[in-house]
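Using the working numbering, read the sequence shown as starting at 8 and increasing by one per residue. Note that beta-carbon positions come from the ideal geometry of N, C-alpha and C, so glycine has one too. This structure is a prediction, so every number in the text was calculated from the model and none was measured. What follows is one structure encoded as structure tokens, with my remarks underneath.
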Amino acid sequence: FPPTFMIGKPTFVNGFFHGNIVRLKNYNGESYFAAWRNVTLDTINFGLLNSINFTTQLNENLILPNVWNGKLYSQQEARMVLLSDDVIFVICTLRFNSRAPYGQIYGIIKYEDNALHISPPVLVDYNRTQHNKNFVPLFHASSSKLYLMPSLNPLEIITLDPFAINDDHIAPATMVYQGPWIPLPWNEDYGALRGGTPAVFIPNHNLYLAFFHTRVNFLEGGARGVDHYYIGALTFCPQFPFHIHTVSAYPIILDTTWYEGKWFNKVVSYAVYPIGLALERDHEKNGTKVAGMNSSTIGKGLIGVMTMGYRDADGFAVRFNVRKLLASLDYVSHCN
Numbered sequence: 008f009p010p011t012f013m014i015g016k017p018t019f020v021n022g023f024f025h026g027n028i029v030r031l032k033n034y035n036g037e038s039y040f041a042a043w044r045n046v047t048l049d050t051i052n053f054g055l056l057n058s059i060n061f062t063t064q065l066n067e068n069l070i071l072p073n074v075w076n077g078k079l080y081s082q083q084e085a086r087m088v089l090l091s092d093d094v095i096f097v098i099c100t101l102r103f104n105s106r107a108p109y110g111q112i113y114g115i116i117k118y119e120d121n122a123l124h125i126s127p128p129v130l131v132d133y134n135r136t137q138h139n140k141n142f143v144p145l146f147h148a149s150s151s152k153l154y155l156m157p158s159l160n161p162l163e164i165i166t167l168d169p170f171a172i173n174d175d176h177i178a179p180a181t182m183v184y185q186g187p188w189i190p191l192p193w194n195e196d197y198g199a200l201r202g203g204t205p206a207v208f209i210p211n212h213n214l215y216l217a218f219f220h221t222r223v224n225f226l227e228g229g230a231r232g233v234d235h236y237y238i239g240a241l242t243f244c245p246q247f248p249f250h251i252h253t254v255s256a257y258p259i260i261l262d263t264t265w266y267e268g269k270w271f272n273k274v275v276s277y278a279v280y281p282i283g284l285a286l287e288r289d290h291e292k293n294g295t296k297v298a299g300m301n302s303s304t305i306g307k308g309l310i311g312v313m314t315m316g317y318r319d320a321d322g323f324a325v326r327f328n329v330r331k332l333l334a335s336l337d338y339v340s341h342c343n
């Protein structure tokens, strides 16, 4: 600690609860397009996250409501992927009541006529083989196919056409791959892999990159102790079925104080989890160095930004050197 690939410390982003980001090419190039959860209204808000100082700006005209076909639901963190330069797929976990199973609902955001427009919510219809609310979306640009990963190990993949919607605002999804559980370099003393950020394509390395989270309770004998969440990274091969190529062997600790002190309630304690991932090149704007970067990182290649949640309450963003992160991961399988 600290990880050598991280650039500076995580930056607190006020009000950025379950925040996610994408770089929308033709819409306000100085900022990321962002989505975050409004707990008070139980909706997904949209706006901008400034790429320099990580401050937010709300778009009051854009919202993913918590009503589907006249039926109220509770929604959780949203994840976004670009389907084109001007079209965003945003998906989030939902529950129709506290006893109902988790599901997935999405909206399509388009940038047209110098404005952003969002579709009504669409329910994903699929037969899942196991319970997992943390899907990993992956858009395969060369085939124009959208994939969702309900499970990372064993790897499960479903696909859907986000524009093939029936009259009830339901989009059918199909399970297209169910792989075996495989041994990974990741130390499972820290918990099994769960979803985190969307998978983002890294052109220079011909791989998809994502961050995952794990959850573990260190007390044995059935005692309820302090749950710990951890973050790791992994890469996927560039072609279907996107086998795991490399993975972290140990947790990425971004701030040791996140694992100290009193936990915020009696159920979940040190909850740190990745949500958003986007890429930017390190650069200077008008002679002004980007906040958080030092002279040794300027001009050294691709820089990534990860957004994350902490304790189901706060939002953070952190930059990292993509090349150094990839070099830190352990080999799993060969890509054809």
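- Residue burial is scored here from C-beta neighbours: glutamate 84 has at least 16 other C-beta atoms within 10 angstroms and is therefore classed as buried.
- DSSP places valine 329 in the uninterrupted alpha helix (DSSP H) bounded by 329 to 335.
- When secondary structure is reduced to three states using DSSP, histidine 252 falls in the strand class.
- Burial check for isoleucine 164: the Cβ neighbour count within 10 Å reaches 16 or more, so the residue is buried.
- Between the region 59 to 70 and the region 14 to 21 there are three or more C-beta pairs closer than 8 Å, enough to call the two in contact.
- Among the bridge pairs identified by DSSP, valine 20 is matched with Gly322.
- A buried status is given to arginine 44, since no fewer than 16 other beta-carbon atoms sit within 10 Å of its beta-carbon.
- Scanning the region 78 to 127 for uninterrupted alpha helix (DSSP H) segments of 4 residues or longer gives nothing; none is fully contained.
- For the beta strand (DSSP E) assignment, the uninterrupted runs of no fewer than 3 residues enclosed by the region 141 to 223 are, from N- to C-terminal side, 143 to 147, 152 to 159, 162 to 167, 177 to 185 and 207 to 209.
- Under the criterion of beta carbons closer than 8 Å, phenylalanine 218 and histidine 147 do not qualify as touching, at roughly 19 Å.
- In the structure shown, the three-state DSSP call for tyrosine 338 is strand.
- The criterion of a C-beta distance shorter than 7 Å is not satisfied by isoleucine 282 and isoleucine 259.
- DSSP, read as helix, strand or coil, puts threonine 264 in helix.
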